[in-house]
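Asks:
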Amino acid sequence: MSICPVCLEPISGQIFQEGDQIFIKKTCDIHGYFNEIYWSDAEVFRKFYRYLCDGSGVDNSQTPTSRCPFDCGLCNNHKTATLLGNIDITNRCNMACPVCFADAGGQVYEPTLSQIKSMMYNLRHQQPVPCPAVQFSGGEPTLRDDLPDILSMARKMGFSQIQIATNGLRLATSLNFCRSLVINGLNTIYLQFDGVTSKPYMIVRGRDLFPTKLKALDNLRKAGQKSVVLVPTLAKGVNDQEVGAIVRFASKNLDIVKGINMQPVSFAGRIDDEERSQKRLTIPDLFKLLEEQTDNEISRGDFYPVSFVTPLSRLLAAESGKEQPVFTVHPCCGAATYIYNFNNHLIPITRFIDVEGLFEKIEREVNNFDGSNFGRFKMRGKILKEMPKFVDDAKVPEDLNIKKLLIGIFMNGTRDSLREFHNKTLFLGAMHFQDVFNMDLERLQRCGVHYATPDGRIIPFCAYNTIHRKEVEEWFCMQPNV
Ligand code: SF4
Ligand code: SF4
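In the numbering used here, each number is its position in the sequence shown, counted from 1, plus 720.
#1: Here's the rule: buried if 16 or more other CB atoms are within 10 angstroms of the residue's CB, otherwise exposed. What is C727?
#2: Taking a contact to mean a Cβ-Cβ separation below 7 Å, would you say I870 touches I903 in this structure?
#3: Three-state secondary structure (DSSP) at E756?
#4: Given this structure, state the Cα-to-Cα distance separating P1025 from L1164, to the nearest angstrom.
#5: Give the range of the alpha helix (DSSP H) segment to which L1161 is assigned.
#6: Kindly list the residues whose CB is nearer than 7 Å to the CB of V958, restricted to its own chain and excluding five residues on each side of it in sequence; keep chain order.
#7: For L1164, verify whether its CB is less than 6 Å away from any heavy atom of ligand 2.
#8: Run through the DSSP bridge pairs and tell me what P1108 is partnered with.
#9: Can you tell me whether N760 is buried or exposed? The criterion is at least 16 other CB atoms within 10 Å of its CB, across all chains shown.
#10: If we count the other Cβ atoms within 10 Å of its Cβ and call it buried at 16 or more, is L833 buried or exposed?
#11: To the nearest angstrom, report how far apart T802 and L940 are at their CA atoms.
#12: Are A1038 and I807 close, meaning C-beta to C-beta below 7 Å?
#13: Please name the residue in C1182, L1009, L1161 and G1128 whose C-alpha comes closest to that of Q1154.
#14: Just how far apart, CA to CA, sit P1068 and P1004?
#15: Roughly how many whole angstroms lie between the Cα atoms of C1108 and F1094?
#16: Indicate the three-state DSSP secondary structure (helix, strand or coil) for F1089 in the structure shown.
#17: Helix, strand or coil: which one does DSSP assign to Q1199?
#18: Any idea what DSSP makes of N1158, helix, strand or coil?
#19: Would you mind sorting V1202 into buried or exposed? The rule is 16 or more other CB atoms within 10 Å of its CB.
#20: Report the residue from I1122, C773 and D791 whose alpha carbon sits nearest the alpha carbon of S781.
#21: For I757 versus F768, is the C-beta distance shorter than 7 Å?
#22: Quick check on this structure: which residue in N796, T1070 and I1082 has the alpha carbon closest to the alpha carbon of T1145?
#23: Assuming contact is defined by CB atoms lying nearer than 7 Å, are S1019 and P1051 in contact in what I supplied?
#24: According to DSSP, which residues form a beta bridge with N1185?
#25: Considering Cα atoms alone, identify which of M815, P831 and G858 is closest to R1222.
#26: Would you mind working out which of T1057, C1167 and E1191 sits nearest V778, comparing C-alpha positions?
#27: Does A1150 come out as helix, strand or coil in the three-state DSSP assignment?
#28: Assuming A965 and R899 make a contact with CB atoms under 8 Å, what is their CB distance in whole Å?
#29: What does M982 pair with, by DSSP beta-bridge criteria?
#30: Which class does C727 belong to by DSSP, given the choice of helix, strand or coil?
#31: May I ask which residues mark the beginning and end of the beta strand (DSSP E) holding N1061?
#32: Report the three-state DSSP secondary structure of L929 (helix, strand or coil).
#33: Starting from Q835, trace the alpha helix (DSSP H) both ways and give me its first and last residue.
#34: Does the beta-carbon distance from T1048 to G775 come in below 7 Å?
#35: Specify whether the stretch 945 to 962 and the stretch 902 to 917 touch according to this definition: at least 3 beta carbon pairs, one from each stretch, less than 8 Å apart.
#36: Quick one: Cα of E1162 to Cα of P1180, how far?
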């Protein structure tokens, strides 16, 4: 199922291969035929599609479903619980970017502290697993002077990961503001970061913001912030020639930059077919660009879909006896790998760890686990015993004790081991948000990135930005300072 890009009515669609690319086609009785690129590499599509899986959603869904994507939610048909809960705390912004999901359009949407608290409450009371991570977004969330209070409230409510998504303008101008965010419990900053030259900023943002990004990073360092994820919105002709340089920039700033989340542009509003196909990039296009721009140091084979890690969640659940967040996001939504920086060479961990073999082993042992204490001991022992088999010693970078690191993670799953791992590697991920042209409800129904809204609903990200945002903001809008 998909939706008509014009009237947004649910209509059936078909995903099919033509040449070595995958397309989605659909016909609306009123608005006609539409055909859109879905995934530009059929071989990688097949590799990723092997990891399609269903989660069990939430036990306390808010709505029954009859007409997806209008019944969010979450409705009782949704298959993935909230992994990251977004809360828009304002739609005001100190910039006006044409690629933005949120557009104030004259009306200000700015939930009160008590509305924000109740949205967080809903996320934390999701069953059986409370939402572990929250991101405050906008608009530009740093325009709210009470952002530190909001972060502190999130900490008290038990979120283990607290993020903001920001353009960094205010961070670049106020070290004190950076300090107040860090002190009040901010874990990670998702920093809009279009490239390492002035060109993409001039095209997309209308001014050269690269020096501003550097200043923001500098201030965050001084403030003691330990984790920033760079977030480039990728479009052909804008910054597609900078992806390799962005990865190199990040790998030279590992003291503070822990990851990159590349986001191929998705299109909001009306855009003609020609302009769309000129700018459209898919995740496999990004893989090709990375290969070209890193001399194959990073290649398509190094990436796996988000759902690849579900055996780890199952292992953690078996170890702890408690339900865990499970990353059953659709394989075409996102991809990731980890990169190790050794003497300025970028080495994806997949070059020295057989991750497929290792995760299949974990999956097998978790499937055999009988729930007893002895069974748990046996499961852990079998995984640890065979783990060295999945490491290619000849290819491990000299300064990396990967076996010790892996054993540390699997022995006790401690945050310390994971932290050590993250300190030495760069997370390189991509998420391609859907728009009305390429919308696939099979993807949407597995979405794990959701918005909480003041009316108590929890709405999958791509449904919110294509269908629900306008209505929610209009309903709750107010005049500034009221
Ligand atoms: S997107 Fe998910 S929550 Fe929304 S109607 Fe569809 S299945 Fe339900
Ligand atoms: S936000 Fe969009 S692209 Fe990301 S997981 Fe959800 S449906 Fe997929």
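Note that the Cβ used here is the ideal one computed from N, Cα and C, for glycine as well. Computed from a predicted structure; not experimentally measured.
Replies: Based on what the coordinates show:
#1: Sequence index remark: in the sequence shown, residue 727 carries index 7 (1-based). Per the 10 Å Cβ criterion, exposed.
#2: Against the sequence shown, residue 870 aligns to sequence position 150. Against the sequence shown, residue 903 aligns to sequence position 183. No.
#3: Residue 756 sits at position 36 when you count from the first residue of the sequence shown. Note: E756 maps to strand in three-state DSSP.
#4: For the purposes of this step, residue 1025 is taken as residue 305 along the sequence shown, with counting starting at 1. For the purposes of this step, residue 1164 is taken as residue 444 along the sequence shown, with counting starting at 1. Within the model, the alpha-carbon separation for P1025 versus L1164 is close to 15 Å.
#5: Here residue 1161 refers to the residue found at position 441 of the sequence shown. L1161 -> alpha helix (DSSP H) spans L1161 to L1164.
#6: One-based indexing of the sequence shown puts residue 958 at position 238. Cβ-Cβ distances below 7 Å link V958 to P920, I923 and V924 in the same chain, with the five nearest sequence neighbours on each side left out; the list follows chain order.
#7: One-based indexing of the sequence shown puts residue 1164 at position 444. Yes.
#8: Here residue 1108 refers to the residue found at position 388 when the sequence shown is read from its first residue. According to DSSP, which records beta bridges pairwise, P1108 is partnered with nothing at all.
#9: Sequence index remark: in the sequence shown, residue 760 carries index 40 (1-based). The sequence as given places Ser at residue 760; Asn does not occur at that position. Residue environment analysis places S760 among the buried positions, since at least 16 neighbouring C-beta atoms fall within 10 angstroms of its C-beta.
#10: Along the sequence shown, read from residue 1 onward, the residue named residue 833 stands at position 113. By the neighbour-count rule (16 or more Cβ atoms within 10 Å), L833 is not buried but exposed.
#11: Working through the sequence shown from its first residue, we reach residue 802 at position 82. Working through the sequence shown from its first residue, we reach residue 940 at position 220. Distance between the alpha carbons of T802 and L940: 28 Å.
#12: Here residue 1038 is taken as the residue at index 318 of the sequence shown, counted from 1. Here residue 807 is taken as the residue at index 87 of the sequence shown, counted from 1. No. Outside cutoff.
#13: As a first step, residue 1154 is located in the sequence shown; it is residue number 434 there, counting from the start. Restricting attention to C1182, L1009, L1161 and G1128, the CA atom closest to the CA of Q1154 is found in C1182.
#14: Position 348 of the sequence shown, counting from 1, holds the residue named residue 1068. Position 284 of the sequence shown, counting from 1, holds the residue named residue 1004. C-alpha separation (whole angstroms): 17 Å.
#15: Counting from one through the sequence shown, the residue named residue 1108 turns up at place 388. Counting from one through the sequence shown, the residue named residue 1094 turns up at place 374. It is Pro, not Cys, that sits at residue 1108 in the sequence shown. Cα to Cα, P1108 sits roughly 23 Å from F1094.
#16: For the purposes of this step, residue 1089 is taken as the residue at position 369 of the sequence shown. It is coil, neither helix nor strand.
#17: Along the sequence shown, read from residue 1 onward, the residue named residue 1199 stands at position 479. Bear in mind that a pLDDT of 43 at Q1199, under 50, signals an unreliable position, so the number given afterwards is only what the model happens to contain. Here Q1199 sits in coil by DSSP.
#18: Taking the first residue of the sequence shown as position 1, residue 1158 is located at position 438. Under the three-state reduction of DSSP output, N1158 falls in the coil class, being neither helix nor strand.
#19: Along the sequence shown, read from residue 1 onward, the residue named residue 1202 stands at position 482. Because the pLDDT of V1202 is 35, which lies under 50, any placement of that residue in the model is unreliable, and the number read from its coordinates should be weighed accordingly. Taking a 10 Å sphere around the C-beta of V1202, we find fewer than 16 other C-beta atoms and assign the residue as exposed.
#20: Taking the sequence shown and counting its residues from 1, one reaches residue 781 at position 61. It is D791 whose Cα lies nearest to the Cα of S781.
#21: Reading the sequence shown from its first residue, position 37 is the one you call residue 757. Reading the sequence shown from its first residue, position 48 is the one you call residue 768. No, the Cβ-Cβ distance between I757 and F768 is not below 7 Å.
#22: For this step, residue 1145 is matched to residue 425 along the sequence shown. Among N796, T1070 and I1082, the Cα nearest to that of T1145 is on T1070.
#23: Start at 1 with the first residue of the sequence shown, and residue 1019 comes out as number 299. Start at 1 with the first residue of the sequence shown, and residue 1051 comes out as number 331. Result no, Cβ atoms of S1019 and P1051 do not sit closer than 7 Å.
#24: As a working mapping, residue 1185 is identified with position 465 in the sequence shown. Partner(s): none; N1185 has no beta bridge.
#25: Since the first residue shown for the chain is 721 and the last is 1202, residue 1222 is missing from the structure and cannot be characterised.
#26: Walking along the sequence shown from the start, residue 778 turns up at place 58. Nearest C-alpha to V778: C1167.
#27: As a working note, residue 1150 is residue 430 in the sequence shown. In this structure, A1150 counts as strand in the three-state DSSP scheme.
#28: One-based indexing of the sequence shown puts residue 965 at position 245. One-based indexing of the sequence shown puts residue 899 at position 179. Not confirmed; about 30 Å, so no contact.
#29: Counting from one through the sequence shown, the residue named residue 982 turns up at place 262. BP columns for M982 point to A1150.
#30: Indexing the sequence shown from 1 puts residue 727 at position 7. The answer is coil: DSSP assigns C727 none of H, G, I, E or B.
#31: Locating residue 1061 in the sequence shown gives position 341, where the first residue counts as 1. Residues G1054 to F1062.
#32: Counting from one through the sequence shown, the residue named residue 929 turns up at place 209. It is coil, neither helix nor strand.
#33: Mapped onto the sequence shown, residue 835 falls at position 115. Where Q835 is concerned, the enclosing alpha helix (DSSP H) stretches over L833 to R844.
#34: Taking the first residue of the sequence shown as 1, we reach residue 1048 at position 328. Taking the first residue of the sequence shown as 1, we reach residue 775 at position 55. Yes, the pair counts as a contact, with Cβ atoms nearer than the cut-off.
#35: As far as the Cβ criterion goes, the stretch 945 to 962 touches the stretch 902 to 917, which means the pair count is three or higher.
#36: Here residue 1162 corresponds to residue number 442 of the sequence shown, with the count starting at 1. Here residue 1180 corresponds to residue number 460 of the sequence shown, with the count starting at 1. Taking the straight line joining both Cα atoms gives about 12 Å.
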